[in-house]
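In UniProt numbering, the protein residues as written are 1 to 121.
(1) How about the region 100-113 and the region 7-24: do they share at least three Cβ pairs that are nearer than 8 Å?
(2) Assess contact between the region 72-85 and the region 27-35, defined as three or more Cβ pairs (one per stretch) separated by less than 8 Å. Is contact present?
(3) Please return the same chain residues whose Cβ sits closer than 7 Å to the Cβ of residue 111, not counting the five positions on each side in sequence.
(4) Any idea what DSSP makes of residue 69, helix, strand or coil?
(5) How is the beta strand (DSSP E) around residue 54 delimited, first residue to last?
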């Protein structure tokens, strides 16, 4: 399945689809279902709710964005599955690539969207 993220509404829709397809419960995490609770400006400028010091995205730099690192389980980051203090997301056992949209497809589309400056048109 090809995932396209052209704006914040697309991001919300695709993250919700990943959660639903895999019967995940992000509401149990300290940040809750943050992408449903934040508006666009909060999403691109604020820290993850309930997790201070972890800005959600670095506009224009997906590799430095905590959301991408969390979904990817980036090596050497707090989200590294082997050494990270937090581990990859969403919990309990990522990655989720058997259902559509796959986590890999979400990460690819999210990376493009962030590197393009997080447009919201």
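Even for Gly, the Cβ is constructed at its ideal location relative to N, Cα and C. Since this is a predicted model, take the numbers as computed values, not measurements.
Let me spell this out:
(1) Yes, the region 100-113 touches the region 7-24.
(2) With a cut-off of 8 Å, the region 27-35 and the region 72-85 do not count as touching, because too few Cβ pairs lie within range.
(3) These residues qualify, in order along the chain: 62, 68.
(4) In the structure shown, residue 69 adopts helical secondary structure according to DSSP, grouped into three states.
(5) Here the beta strand (DSSP E) through residue 54 covers 51-55.
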